[in-house]
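Residue numbers (this note's numbering): 561 to 741.
Ideal Cβ placement from N, Cα and C applies to all residues, glycine included.
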């Protein structure tokens, strides 16, 4: 086994996750599941459960890296805050075990899997089914979103991610003149 990647789609209602192994550049499906949190009313209990489940996944599968879906910008500030907390707790679990964490925007994950940054959850799930030879897909597609983060990370391994690079401060200022007052 060259590498094991844990992918996480954080959430306070459902946290989806998937695990893949990389052997000689080929992906091998290991696990796909979700942590259902909707039955709990206490937000702090949900955060505790996200942390504990993530640590449990790390201890079970010993991933070399964690790929996590970054929150997208929404209109509801409270929802964004809760999602950010869920993501932060999952990240803290990985960091507590010394595992590198890489964030991917939802559009980047969809683009890596389907070639379309605006693909639906169903399109992403179907493509993952083909790529990994999954016999069937789960009813809830949050788990496939977690798996998609792991596959996206594999596809982007060795590539510089995060967008534009700058040769220095002058280049940054020139390329971002609208951001400077």
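Please check the pair residue i and residue j, which I expect to be a contact at CB under 8 Å, by giving their CB distance rounded to whole angstroms.
i, j, result
"residue 681", "residue 701", "4 Å"
"residue 694", "residue 589", "6 Å"
"residue 615", "residue 653", "5 Å"
"residue 651", "residue 669", "Wrong, their Cβ atoms sit about 16 Å apart, outside the cutoff."
On a CA-only basis, which of the options is nearest residue i? Give me that one, please.
i, options, result
"residue 611", "570, 563, 593 and 669", "570"
"residue 642", "613, 606 and 699", "606"
"residue 705", "608, 665, 585 and 638", "665"
"residue 599", "663, 573, 716 and 689", "573"
"residue 673", "659, 713, 639 and 658", "713"
"residue 577", "602, 608, 623 and 601", "623"
"residue 621", "649, 707, 639 and 564", "564"
"residue 661", "562, 709, 602 and 603", "709"
"residue 703", "635, 689 and 658", "689"
"residue 603", "582, 639 and 632", "639"
"residue 608", "632, 648 and 635", "648"
"residue 715", "601, 671 and 635", "671"
Bridge partners for residue i per DSSP, in chain order?
i, result
"residue 588", "581"
"residue 569", "576"
"residue 627", "567 and 662"
"residue 596", "574"
Are the Cβ atoms of residue i and residue j separated by less than 8 Å?
i, j, result
"residue 575", "residue 691", "no"
"residue 592", "residue 698", "yes"
"residue 568", "residue 618", "no"
"residue 684", "residue 580", "no"
"residue 584", "residue 595", "no"
"residue 667", "residue 675", "no"
Compare the C-beta of residue i with all C-beta atoms of chain C and state if any pair is closer than 8 Å.
i, result
"residue 674", "In summary, chain C is missing from the structure at hand, where a single protein chain is found."
Entirely enclosed beta strand (DSSP E) segments - the stretch 640-726, minimum 3 residues: 661-664
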